[in-house]
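My numbering applies: residue 5 is where the sequence shown begins, and numbers increase by one. Glycine included, C-beta positions come from ideal geometry on N, C-alpha and C. Since this is a predicted model, take the numbers as computed values, not measurements.
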Amino acid sequence: MSYHLSIDIGGTFTDLFLRDSEGGSLSVKVPSTHGDLTDGVINALDKAADTEGITRGTLLDRTGQIVHGTTIATNAIL
5 MSYHLSIDIG GTFTDLFLRD SEGGSLSVKV PSTHGDLTDG VINALDKAAD
55 TEGITRGTLL DRTGQIVHGT TIATNAIL
């Protein structure tokens, strides 16, 4: 099975959407980590991997594409 990951780092939450090659999907929401935004991404990856019953490393090994976005700048302007 392979995965497609989409990650959005926002001012309050980091959202992850996971789609697998069999048509399944999973949505994960964790608090954003303002000291180091990558911590929020790792927390979201860990939560998604745990839900799938695999390790973060296995999830990333099976991921063919990662799309990243952020709404931090937009939220700051608003």
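Judged by DSSP in its simplified three-state form, Gly61 adopts helix. DSSP, reduced to helix, strand and coil, places Thr55 within a helical segment of the structure shown. A straight line joining the alpha-carbon of Leu41 with that of Gln69 spans about 20 Å. Shown here, Leu82 sits in coil according to DSSP, grouped into three states, outside any helix or strand.
Here Ala48 is near Asp19, since their CB atoms are less than 9 Å apart. The continuous beta strand (DSSP E) containing Thr67 extends over residues Thr67 to Thr74.
Non-local beta-carbon contacts of Thr37 in its own chain, meaning distances under 6 Å to residues more than five positions away in sequence, involve Asp43 and Gly44 in chain order.
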